[in-house]
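Shown next, in structure tokens, is the structure this report addresses.
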Amino acid sequence: MRNLRGWTSADTTGDTDHSTWSINENFPNGSRLCTEWKDLSGRVSPGMACMIIHR
Numbered sequence: 052m053r054n055l056r057g058w059t060s061a062d063t064t065g066d067t068d069h070s071t072w073s074i075n076e077n078f079p080n081g082s083r084l085c086t087e088w089k090d091l092s093g094r095v096s097p098g099m100a101c102m103i104i105h106r
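Here the working numbering is used: the first residue of the sequence shown is 52, the next is one more, and so on.
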């Protein structure tokens, strides 16, 4: 497990928060990439959004 990017602010429009970033790395097949976010009070959200690389 490693941190690929630090904190990035999100654009908020209505009920949706959106953030875009580039990661210039190659990941082997089966790698799992997850995001973690915090609310305004600094508490970590209980859910993570994850994806698995398929090549």
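Glycine included, every Cβ here is placed at the ideal spot set by N, Cα and C. In this text, all values refer to a predicted model and were calculated from it rather than measured experimentally.
Exercise. Can you tell me the Cα-Cα spacing of R83 and S92, whole angstroms?
Worked result: 28 Å
Exercise. Can you give the Cα-Cα distance for R106 and N77, rounded to whole angstroms?
Worked result: 11 Å
Exercise. If you drop the 5 nearest sequence neighbours on each side, which residues of the same chain put their C-beta closer than 6 Å to that of S96?
Worked result: W88
Exercise. Of the residues I103, T59, G65 and M99, which one's Cα is nearest the Cα of S73?
Worked result: T59
Exercise. What three-state label does DSSP hand M102 in the structure shown?
Worked result: strand
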